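Novice: Sequence positions in the sequence shown follow our numbering and run 1258 to 1598.
Glycine included, each C-beta is placed from N, C-alpha and C at the ideal position.
Predicted, not measured: the structure shown is a model, and the values here were computed from it.
Here it is: the structure, laid out below.
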Amino acid sequence: MSESKLDRRGFLAGAAGLTGVALAVGAWKPVFAMERESATAPRDLVPAVQKVGHIQLTLGESAAGFISSAEGGNATGDVVVEKVGPDFVARKHLAGVKYEDITITAGTGMSKAFYGWIKEAFSGQPVAMSGSIAGANENFKLFTKTDFSGAVITEVGFPALDAASKEVAKITIKFQPELTRRSTTTGSLIPPGPNVFQGKLLVSNFKLTLNGVNTNFVTSIDPINSKWDFATQETDIGASRPELVKIDIPNLKLRVVESQSKDFFLWHEDFVIKGNNGPDNEKRGSLSFLASDQKTELFRLDLSGVGIFALDPDALTLSSSTVRHVTAQLYCDQMVFNFKV
1258 MSESKLDRRG FLAGAAGLTG VALAVGAWKP VFAMERESAT APRDLVPAVQ
1308 KVGHIQLTLG ESAAGFISSA EGGNATGDVV VEKVGPDFVA RKHLAGVKYE
1358 DITITAGTGM SKAFYGWIKE AFSGQPVAMS GSIAGANENF KLFTKTDFSG
1408 AVITEVGFPA LDAASKEVAK ITIKFQPELT RRSTTTGSLI PPGPNVFQGK
1458 LLVSNFKLTL NGVNTNFVTS IDPINSKWDF ATQETDIGAS RPELVKIDIP
1508 NLKLRVVESQ SKDFFLWHED FVIKGNNGPD NEKRGSLSFL ASDQKTELFR
1558 LDLSGVGIFA LDPDALTLSS STVRHVTAQL YCDQMVFNFK V
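Right, here's the structure in full:
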């Protein structure tokens, strides 16, 4: 696997024909799709519709796994409006090119390199990766491919968790490439993915722990979306590279059965109302994503610097047949991603 710590040099020399990717399993429309066939258009001039059967992510030289969707990475020019001349025309020209972030969604069964890329980002040492996203039909025949270079993760989103749901959980990752290039070489078969099988990850398969707090009756957690802010820095040789400025760790919003929420009320009373909320009073914990056996841990977010700042019981309503809950909101200083592949 080819990777470098924020090294954005040495990829594609030519920028001609650079473009992006827009793929989704089951339903996909080409970015540059032609208009619907007209009544007079020769049928042999109308391209066949390509249906996406598989989308594969490659990191470095190795397949990282099959993903559910991919979009973005398009090249765009910055339009500069010039000063109005004596003819009252405000002429325009392009000044530089930039590339959109690429967003992908993935489930389980991804490679060690994929999860390692996420882990490095959470550790504050983001790795710039090169790779590709390939679209193939149901028979694994390639029909489109987008290569990317020097990409750093800018956002990682974990889905909303709900103990009563049977939906499949997927991770959303957004990354910022230095360059992208699309090719349409067709016919070849995409290589098999990594030899990893973890089973489906459901949004109901999770476990939250916080020291000193009974979390066994937490029934749902809102989506967790972490972001990385970068600034462009010039190197000694005149090249530019992204410099990490901040990791934005989101607050946690969760629901717990009210009859089993005593520890949350005690924590809120002490931490918020009594003001015992210094660093020594913050908590540590973890959020584990589990396999279908509810025991095997697939990956985990280790939490530190956790404090409660809001606690809201459900509204009181007459003749309510639903179980009452309390909504707790927690801040978190740091998250560390760990995985087991």
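How close, in whole Å, do the beta carbons of LYS1597 and PHE1556 come, if the pair is a contact with beta carbons under 8 Å?
Specialist: Going by Cβ atoms, the distance from LYS1597 to PHE1556 rounds to 7 Å, so yes, they are a contact pair.
Novice: Between the region 1532 to 1550 and the region 1464 to 1480, do three or more beta carbon pairs fall short of 8 Å?
Specialist: In this structure the region 1532 to 1550 touches the region 1464 to 1480; the number of beta carbon pairs closer than 8 Å is three or more.
Novice: Label HIS1582 either buried or exposed according to how many other C-beta atoms from any shown protein chain fall within 10 Å of its C-beta, with 16 as the threshold for buried.
Specialist: buried
Novice: Identify whether GLU1339 lies in helix, strand or coil by the three-state DSSP scheme.
Specialist: coil
Novice: Spatial neighbours of VAL1346 within its chain, please: C-beta separation below 6 Å, excluding the five flanking residues on both sides.
Specialist: none
Novice: Closest by CA to ASN1473, which one among ILE1430, LEU1314 and ARG1512?
Specialist: ARG1512
Novice: What number of angstroms, rounded off, separates the C-alpha of ALA1279 from the C-alpha of LEU1573?
Specialist: 47 Å
Novice: Please give the ranges of any beta strand (DSSP E) in the region 1473 to 1553, keeping only runs that are unbroken, at least 3 residues long and fully inside the region.
Specialist: Given a length threshold of 3 residues, each whole run of the beta strand (DSSP E) inside the region 1473 to 1553 is given here in chain order: 1475 to 1478, 1481 to 1491, 1497 to 1505, 1509 to 1514 and 1540 to 1547.
Novice: Measure the alpha-carbon distance for PHE1405 versus ALA1352 and round it to whole angstroms.
Specialist: 22 Å
Novice: Flag this pair as yes or no: are the beta carbons of ALA1477 and LEU1418 separated by less than 8 Å?
Specialist: Here residue 1477 turns out to be Ser, not Ala, going by the sequence shown. Yes. Within cutoff.
Novice: Do you know offhand how far VAL1354's Cα is from ALA1332's?
Specialist: 7 Å
Novice: Would you call ASP1358 buried or exposed, if buried means 16 or more other Cβ atoms sit within 10 Å of its Cβ?
Specialist: buried
Novice: Using the DSSP secondary-structure output, state which residues sit across from PRO1570 in a beta bridge.
Specialist: VAL1583
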